[in-house]
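K.L.:
In this note's numbering, the protein residues as written are 287 to 381. The beta carbon of each residue, even a glycine, is placed where N, CA and C say it ideally should be.
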Amino acid sequence: MIAINSFDPLTLVLLSLVNPAVIAVAVCMGRSADQWQKLPIAAFAAAAAGFLLYWVGGQVGFFAIHAVGGEAAMFLLQFLFGLVWAALGYWFRPR
287 MIAINSFDPL TLVLLSLVNP AVIAVAVCMG RSADQWQKLP IAAFAAAAAG FLLYWVGGQV
347 GFFAIHAVGG EAAMFLLQFL FGLVWAALGY WFRPR
């Protein structure tokens with residue numbers, strides 16, 4: 287039987303904020319963007335890479351993933367934080 291536990295919003299925010307895959311992909315893609323309209327695409331790619339890292343961490347046992355629905359919130363938060371990281375990379379890129 288599958289145990290369904292409620293997820294902790296603070297944990298989701300912290301995991302999304304400091305996910306190294308989100309930070310690396312968003313900053314790299316933000317630095318290479320030549321138009322600000324490309325930042326949401328960079329944020330989506332960063333969220334996908336961050337979720338992949340989160341999933342792999344759960345599969346190898348680094349995270350105990352118990353919550354149903356927390357994954358959607360994790361992806362959304364990683365997209366939002368990825369947008370911020372991509373914007374920082376875009377604004378501080380060499381011109």
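With C-beta atoms as the reference, is Leu-374 less than 8 Å away from Pro-326?
P.N.:
Working through the sequence shown from its first residue, we reach residue 374 at position 88. Working through the sequence shown from its first residue, we reach residue 326 at position 40. No, the Cβ-Cβ distance between Leu-374 and Pro-326 is not below 8 Å.
K.L.:
How many angstroms separate the CA atom of Phe-348 from the CA atom of Ala-328?
P.N.:
In the sequence shown, the residue the question calls residue 348 occupies position 62. In the sequence shown, the residue the question calls residue 328 occupies position 42. So the two alpha carbons sit approximately 26 Å from each other.
K.L.:
With a cut-off of 8 Å on the beta carbons, I'd call Leu-363 and Ser-302 a contact; round off their distance for me.
P.N.:
Position 77 of the sequence shown, counted from the start, is the residue given in the question as residue 363. Position 16 of the sequence shown, counted from the start, is the residue given in the question as residue 302. Going by Cβ atoms, the distance from Leu-363 to Ser-302 rounds to 4 Å, so yes, they are a contact pair.
K.L.:
If you scan the region 294 to 366 from start to end, which runs of the alpha helix (DSSP H) of 4 or more residues do you find wholly inside it?
P.N.:
Unbroken alpha helix (DSSP H) runs of no fewer than 4 residues, entirely contained in the region 294 to 366, are found at 295 to 303, 306 to 318, 325 to 345, following chain order.
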